[in-house]
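S.K.: Got a structure here, written out as structure tokens. Questions coming.
Here it is in structure tokens:
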């Protein structure tokens, strides 16, 4: 009744000081830090939609399945604690696929000081489905919500955008370390991670905050991959359009007041390279591009199929 | 960018006093009770394996997806707090299917005082996949583990067993209320829920506790459905064999010392009807049936495809 995969899990999954009871019982028991609130998020990834088994390295698929959830914790400024992993494996080669997926997840979990505390492993005649639930913690009231941006706050982003399909969508580093450091050193009014496209996720943050935003398009950090994609496809979609609408950059958008931003970059000039100011929140709803002294409507674009609830 | 389903979630999901931030942000924020530890479990259910879309009522499928997780919380004596629901919907009719699944889950969540705090809704060209993560809480040290049974403890079970395929597998009540009440009134050394078969799950509890168990087979509560199934199939599998090996009863197995059991039924005679003593744990490993004054080996049987980690 003991089976190979279960034994492999027990031997392979590292222990974690906050996981009092891990894989192998009906549920995991986890101790949060004193006074902390629980932050919980879940994401389901499917073969043929979010990755392709046979084309992509299963270690990278495992990394991605965990990292998309870590990115959600980062967007809340939550410290990762534990993950639960559900797999629906194709019958053919399912066990070795499961091990490879875990071998992709385990180093990523370790990098962000997170346990893999349990899960549910199944097989069927269909394609691979992975669901990861990530559990983190925040001190009460210190989470970054989408709804906290204020008019005249500046729009900051980490990293660069566009062309993630060339590889970053599988290998990206979730901005957990950046978020936890920033949460201690910068007053952030609101945040979201860019899973479905810079303009689309910014529009979601705007809507949650009851605001709009005006962007200086020339300031948007366009990834080299966006330029490569635009060059190679020759389909008339510019690198900037890729940066605005490609999904899966997994960078953060932050809302910060101008005075706080000035103080912060004065004290921490090294962050000038890591946070880019791309625009400003405003009372007028919608997204706009700043063209000289007037605003032009900007249609939010991105990946709309995944409907986070 | 606001879509119908997301709006429907926001309008339909009830609020909960412990959910500080629910569906609609990057993650949920949940406040556990003072000093409590988090209990977390996850289960993935697939069309064609755990239910059949088109054959089974989607409200019942929704109930089942949540209730299998509630059963895991019950097996830990954990109080339910919140659930996260991931759906992978077939493109055809996906939105109305999603609503029906939620309409099955919402009353069940309410019945056990649990929030649906968020999730991830996707569509694809494959069959329906549902993953639910259930989050509960226990006071430190008070969870029921599989590993705590002691030699000479009695084996108790709730309810009756076998034939769940005739309907109970979709409509069963998870034993949450029973577990929470028992945790306050009875010293339970170990517990497990019967998801894969009475004998198989008892064998798992035995293995986790480093023990075996000897059963009085004539005392095992055989469900009426097990008799119906045996009658209708005429395949030579007796009602008792169904009770021992059919999966998805979602009853509890409990280990209780003889003295504590005697005290408990003395003080709470009404529980004589609700808890059945079926045998005894022992140092000798394996499952055994008590036949007169000797023991006969009993092969654990059940559903082995779902490999809980």
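Protein chains in written order, with our numbering: chain W, 7 to 315; chain B, 7 to 315. Just so you know, even glycine gets a beta-carbon here, dropped at the ideal spot from N, CA and C. Everything numeric in this text was worked out from a predicted model, so none of it was measured.
1) When you compare only the Cα positions, how much space is there between residue 70(W) and residue 207(W)?
2) Quick check on residue 306(W): does DSSP put it in helix, strand or coil?
3) Since residue 302(W) meets chain B, which of its residues come closer than 8 Å, beta carbon to beta carbon?
4) Could you work out which residue in 248(B), 163(B), 271(B) and 276(B) is closest to residue 309(B) when comparing CA atoms only?
5) Using Cβ-Cβ distances below 9 Å, what residues of the segment 78-95 of chain B are close to chain W?
6) Give a yes or no on whether 8 Å exceeds the smallest Cβ distance from residue 103(W) to chain B.
7) When you compare each of 39(B), 81(B) and 228(B) to residue 170(B) by their alpha carbons, which one comes out closest?
8) In whole angstroms, give me the CA-to-CA distance for residue 11(B) and residue 91(W).
9) Grouping DSSP H, G and I as helix and E and B as strand, with all else coil, what is residue 98(B)?
10) May I ask which residues mark the beginning and end of the beta strand (DSSP E) holding residue 181(W)?
11) Given a cut-off of 8 Å on the beta-carbon distance, is the pair residue 211(W) and residue 196(W) in contact?
12) Based on Cα-Cα distance, which residue from 266(W), 105(W), 271(W) and 300(W) lies nearest to residue 156(W)?
13) For residue 135(B), which residues from the same chain have a beta carbon less than 6 Å from its beta carbon, with the 5 sequence-adjacent residues on both sides left out?
14) Considering only the beta carbon of each residue, do residue 118(B) and residue 86(B) sit closer than 8 Å?
15) Going by the DSSP bridge assignment, what does residue 342(B) pair with across the sheet?
16) Around the Cβ of residue 307(B), are there at least 16 other Cβ atoms within 10 angstroms (buried) or fewer (exposed)?
17) What's the C-alpha gap between residue 111(B) and residue 298(W)?
18) So, are the CB atoms of residue 75(W) and residue 47(W) less than 8 Å apart?
19) Closer than 8 Å, Cβ to any Cβ of chain B: which residues of the segment 47-70 of chain W, in chain order?
20) Anyone know if the C-beta pair for residue 37(B) and residue 27(B) falls short of 8 Å?
21) Which bits of chain B does residue 200(W) rub up against, with CB to CB less than 9 Å?
22) What residues of chain B sit near residue 36(W), judged by a beta carbon separation below 9 Å?
23) By how many angstroms is the C-alpha of residue 35(B) removed from the C-alpha of residue 140(W)?
24) What are the residues in the segment 102-130 of chain B lying within 8 Å of chain W by C-beta distance?
25) Taking only beta-carbon positions, decide if residue 188(W) is within less than 8 Å of chain B.
26) When the cut-off is 8 Å and only beta carbons count, does residue 265(B) lie next to chain W?
27) Would a check of beta-carbon distances place residue 315(B) closer than 8 Å to chain W?
28) Please check the pair residue 45(B) and residue 82(B), which I expect to be a contact at CB under 8 Å, by giving their CB distance rounded to whole angstroms.
29) Pair every Cβ in the segment 236-252 of chain B with every Cβ in the segment 147-156 of chain B, then say whether three or more of these pairs are closer than 8 Å.
30) Quick one: is residue 23(W) buried, meaning 16 or more other Cβ sit within 10 Å of its Cβ, or exposed?
31) Could one say the Cβ of residue 132(B) lies closer than 8 Å to chain W's Cβ atoms, at least one of them?
32) Measuring straight from C-alpha to C-alpha, what distance separates residue 184(W) and residue 143(B)?
33) Cutting at 7 Å between CB atoms, please list the residues of its own chain near residue 30(B), excluding the five before and the five after it.
34) Comparing C-alpha positions only, which one of 293(B), 222(B) and 189(B) sits nearest to residue 145(B)?
35) Let me know if residue 20(B) comes out buried or exposed under the rule of 16 or more other beta-carbons within 10 Å of its beta-carbon.
36) Between residue 106(B) and residue 54(B), which are expected to be in contact by the criterion C-beta below 8 Å, what is the C-beta distance as a whole number of angstroms?
M.R.: So, from the data block:
1) Cα atoms of residue 70(W) and residue 207(W): separation of roughly 19 Å, rounded to the nearest angstrom.
2) In the structure shown, the three-state DSSP call for residue 306(W) is coil.
3) What residue 302(W) touches in chain B: nothing, since even the nearest Cβ is about 19 Å away.
4) Distances from the alpha-carbon of residue 309(B) to those of 248(B), 163(B), 271(B) and 276(B) put 248(B) closest.
5) Listed by position, the residues of the segment 78-95 of chain B near chain W (Cβ gap below 9 Å) are 78, 79, 80, 81, 82, 84, 87, 88, 90, 91, 92, 93 and 94.
6) Closer than 8 Å: no.
7) Closest option to residue 170(B), Cα to Cα, is 228(B).
8) Rounded to the nearest angstrom, the two C-alpha atoms are 26 Å apart.
9) In the displayed model, residue 98(B) falls within coil according to three-state DSSP, outside both helix and strand.
10) According to the DSSP assignment, residue 181(W) belongs to no beta strand (DSSP E), since it is labelled neither H nor E.
11) The beta carbons of residue 211(W) and residue 196(W) sit closer together than 8 Å.
12) Nearest C-alpha to residue 156(W): 266(W).
13) Result list for residue 135(B): 52 and 94, in chain order.
14) Yes, the Cβ-Cβ distance between residue 118(B) and residue 86(B) is below 8 Å.
15) Given that chain B is displayed from residue 7 to residue 315, the structure contains no residue 342(B) and the question cannot be resolved.
16) Burial call: buried.
17) About 53 Å.
18) In contact: residue 75(W) and residue 47(W) (Cβ atoms closer than 8 Å).
19) Result list: 47, 48, 49, 50, 52, 54 and 55.
20) No.
21) In chain order: nothing, as chain B lies at least about 11 Å away.
22) Under the 9 Å cutoff, chain B gives 43, 44, 45 and 46.
23) Those two C-alpha atoms are separated by around 12 Å.
24) Listed in sequence order: 123, 124, 125, 126, 127, 128, 129 and 130.
25) Residue 188(W) does not count as touching chain B.
26) Put simply, the CB of residue 265(B) is far from chain W, with every gap to its CB atoms at 8 Å or more.
27) The predicted model places residue 315(B) with a pLDDT of 44, which falls under 50 and marks its position as unreliable; any figure quoted below should be read in that light. Chain W places a beta carbon closer than 8 Å to that of residue 315(B), counting this residue as a contact.
28) 5 Å between Cβ atoms; contact.
29) These segments do not touch.
30) Classification for residue 23(W): exposed.
31) Yes, because at least one Cβ of chain W sits closer than 8 Å to the Cβ of residue 132(B).
32) Across the structure, residue 184(W) and residue 143(B) are spaced so that their CA atoms are roughly 30 Å apart.
33) Excluding sequence neighbours, residue 30(B) sits near 16.
34) Ranked by Cα distance from residue 145(B), the first of 293(B), 222(B) and 189(B) is 189(B).
35) Residue burial annotation: residue 20(B) is exposed, with fewer than 16 other C-beta atoms found within 10 angstroms of its C-beta.
36) About 18 Å separates the two Cβ atoms, so there is no contact after all.
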